[in-house]
Amino acid sequence: MSKLFPTQEIGSLKKPADMLKKVKDPNVSDEEKIKARNEAALLNIKTLEDIGLDIVYDGEVRRVEMYEEPVRYVDGFEFAGRVRSWDNKYYNKARVVGPVAFKQNFHAEEFNFVKDNSNRELKVPVTGAYTLADWSYDEHYKSKDELVLALARNVVRPLVKDLVGLGAKIIQIDEPAATTHPAEMDIFRESINESVKGIDAKFVVHACFSGNDYKALAPQMPEIKAEQYTLEFANRDTWNTGLDDDARKGFQVLKLFKEHGFEGEIGIGVSDVHVNEIESPELIRDRILYSAKALGDPTKVYVNPDCGLRTRTREVSFDKIRSIVKGAELAREEIK
Amino acid sequence: MISSYTFGIYPRSEELIEATRKNTENLDSLFQKETEEYISAQKNAGLGFVSDPLLKWDDIFRPFSNLSSVTPTALNRIYEMNTFYRVLSFDGQDLVGGGNIVQSNLDSSLPKNKTAAIPEPFTFAELHTSNKFKRKEDFTINLAKMLRVEIDSLVKSGFEAIQLLGPSIAYNNEVDFGLVSDALKILTSGLEAKTILHTYFGDVSKKIESLLDLPVSGLGFDITTTPASSIEKHSFSDKLLTVGIINSFNTAIEKPQECIKQVDEINAKTKPKESYVSTNFDLEYVPKEFAMNKISVLGEIARGAKDV
């Protein structure tokens, strides 16, 4: 993108309450449910466009959530039941009971709708093979490596290939589990490379923060076939404006990426998705400018929230995105 | 036949999960009903020790947030799991809670042969913070003193075995075993109950010599992370040995005969003072249906294994 500091979302937004009510109501017809989903998707797309995001999608409004949605449509999985994430929050965890295989492009309807209803650049989020494996019980494959590679080759690659065939140009592979096992980064690297093998598109990898602060990821980055990483930084940064290391604690690891020879783009997380407070445009500006300096090239900096915003209210989410857009404008003015 | 037990938090049923999310009127009765089901399942499986399923506990540390001047803070990942615990900040002058924090959160209908699990001090200090005790050593020792009061209360009310949960000892590359030992000494000195230290979430192959020197009655191993071949190199003639043979992180149900053979081989080579089988860690990582099956299989393994 020719514009400096392009802005983008990571993926999920909280679903509109009226849509959820309709799709869960057994008395509502299938046609009405389709209409409700389309309306919600359109609302998200247009809201993100109106706010001024450069790269948009639909807030994953049709997906149950990032793990359960793909697993529903892949051969070889059976749901086992819910397992705790924290407190009273649970996720539906599946068992791998046979060879995993792609059945159909479960994001095709979603992508086609977004493509038909937006003129902006689109970034399609797709759950990665490593995370699908890590969040499942494996009762079939001999090792985790074997399962990860089977998912990369037999599920994610055909899905991505099909999406690109439909016109997708930017694919974001979501891998929140990637950095939780620092000793398994080799298999993570292979999983991405196998997932994108032979496919012509721009690939973005989204990895959440873990206690390792991306230190295990950094040496792998030049070897992974991804042009961009969208990563979390805001959640451990200070809320003070400023361009010095003390103010920008959360972003210092960017220097490490450069030291390891990564020359691609970073989608910097400038907004903490776990708090309701809205970051000021000035704070976001400084996070962007610091990152541009740390990477040594402002054209490598994309701007986004840390992660999907689905745990925040829609009002908070859109306010955060508004601030991101304004912060990017301020940063562009500084660079002129 | 050898003895057996499980420890830690058990999974809630789908019905109970929904009830906790919606805070339904029958929530308390559901908790009680399900607690009793788990206790019965353990009794029916013939487990040597029976534990409370801790269904109301949000994580293994959460009851300690009831201590004065302790504040629950951010969520933190449990090692490399996709599950999170709440970090507790110990900000007060003293870590005193009257010794009834754990006991008051356990079911009163547990049978005589009961066991309870609590985090050991080194792990506790690793995963939480204190504004009062800046040095980790001080924090660890003070937590140990607090936990000893809890253990005394448990033993007084009839708990015959205390399971000490020490995943940080396994997970961390660097472990100050001097500090671990000093803290455990506070917990176990003069105690009239068995104390078994469980290591999981990491391979302790290179730490077994140090573990054998710790002042606890026994050691428990997760054999999915610490290979049996590493354990078998050591003599357990002075220690109880618990083989964590049931994998709480996979829904695949263990084959009893294969497990019995493996436990017999480990016991033949290590010659433990007493032998136990258990889960490798909390059963809450599998849904209830699988947990129930695993409890039953655990009992079958214990019955089939050769007495030492």
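In the order they appear, the protein sequences are chains L and P. Numbering of the first sequence is given in full-length UniProt numbering, commencing with residue 1 and proceeding in unit increments. Numbering of the second sequence is given in full-length UniProt numbering, commencing with residue 1 and proceeding in unit increments. Idealized CB from N, CA, C, for every residue including glycine. It should be emphasised that the depicted structure is a prediction, and the values quoted were computed from it without experimental measurement.
Exposed unless 16 or more other CB atoms sit within 10 angstroms - verdict on TRP57 (chain P)
buried
Going along the chain, which unbroken runs of the beta strand (DSSP E) with 3 or more residues stay wholly within the stretch 187-221 of chain L?
202-207
Under 7 Å from the C-beta of HIS206 (chain L): neighbouring residues of chain P
Per Cβ cutoff of 7 Å: no residues; HIS206 (chain L) is ~16 Å from chain P at best.
Candidates P:THR83, P:LEU67, P:VAL70 and P:PRO215: which alpha carbon is nearest ILE196 (chain P)'s?
P:PRO215
DSSP beta-bridge partners of THR71 (chain P)
P:SER89
Is the distance from the Cβ of ILE246 (chain P) to the Cβ of ASN267 (chain P) below 9 Å?
no
Residues from the stretch 73-87 of chain L in contact with chain P, defined by Cβ distance under 7 Å:
ALA80, GLY81, ARG82, VAL83, ARG84, SER85, TRP86 and ASP87
Hey, does residue 342 (chain L) have any beta-carbon neighbour from chain P nearer than 9 Å?
No answer is possible for residue 342 (chain L): it lies beyond the span of chain L, which begins at 1 and ends at 336.
C-beta contact flag for ALA183 (chain P) and LEU143 (chain P) at 9 Å:
yes
At what residues does the alpha helix (DSSP H) containing ALA45 (chain P) begin and finish?
It is not in any alpha helix (DSSP H) - ALA45 (chain P) carries neither H nor E in the DSSP assignment.
Using 9 Å as the limit for Cβ to Cβ distance, is ASP134 (chain L) near chain P?
yes
Thinking just about the alpha-carbon of each residue, which of L:ALA292, L:CYS208 and L:ILE45 is nearest to the one in ASN248 (chain L)?
Before going on, a small fix: residue 248 (chain L) reads as Arg here, not Asn. Cα-wise, what sits closest to ARG248 (chain L) is L:ALA292.
Report yes or no: is there a C-beta of chain P within less than 9 Å of the C-beta of LYS93 (chain L)?
yes
At a cut of 8 Å, does the stretch 120-135 of chain L reach the stretch 162-173 of chain L through at least three beta carbon pairs?
yes
Which one or two residues does DSSP pair with residue 319 (chain P) in a beta bridge?
Within the shown structure, residues of chain P are numbered from 1 to 308, placing residue 319 (chain P) beyond reach of any answer.
Start and end of the beta strand (DSSP E) containing VAL243 (chain P)?
240-246
So is ASN250 (chain P) in contact with chain L if we call contact Cβ pairs under 9 Å?
yes
Residue-level contact to chain P via CB, SER210 (chain L), 9 Å cutoff
yes
Limits of the alpha helix (DSSP H) - the one that ILE295 (chain P) falls within
288-304
Is there a Cβ of chain L sitting closer than 9 Å to that of LEU75 (chain P), yes or no?
yes
Residue burial classification, PRO26 (chain L) (beta-carbon count within 10 angstroms, cutoff 16)
exposed
Quick check on LYS93 (chain L): does DSSP put it in helix, strand or coil?
strand
What number of angstroms, rounded off, separates the C-alpha of ALA116 (chain P) from the C-alpha of LEU191 (chain P)?
15 Å
Which residues share a DSSP beta bridge with THR195 (chain P)?
P:ILE162
Which residue marks the beginning of the beta strand (DSSP E) containing ILE266 (chain L), and which one marks its end?
265-269
Near-chain P residues of the stretch 144-172 of chain L (beta-carbon distance less than 7 Å), N- to C-terminal order
none
Could you give the distance in angstroms between the alpha-carbon of GLU126 (chain P) and the alpha-carbon of ASP87 (chain L)?
21 Å
Any idea which residues DSSP pairs GLY220 (chain P) with across the strands?
P:HIS198 and P:THR242
Less than 8 Å between the CB atoms is what I'm expecting for ILE321 (chain L) and GLU9 (chain L), so what's the real figure, rounded?
7 Å
Chain-ordered residues of the stretch 221-252 of chain P with a beta carbon less than 7 Å from chain L
ASN250, THR251 and ALA252
Mapping DSSP to helix, strand and coil, what is GLN252 (chain L)?
coil
Using DSSP bridges, identify the partner residues of SER51 (chain P).
P:THR115
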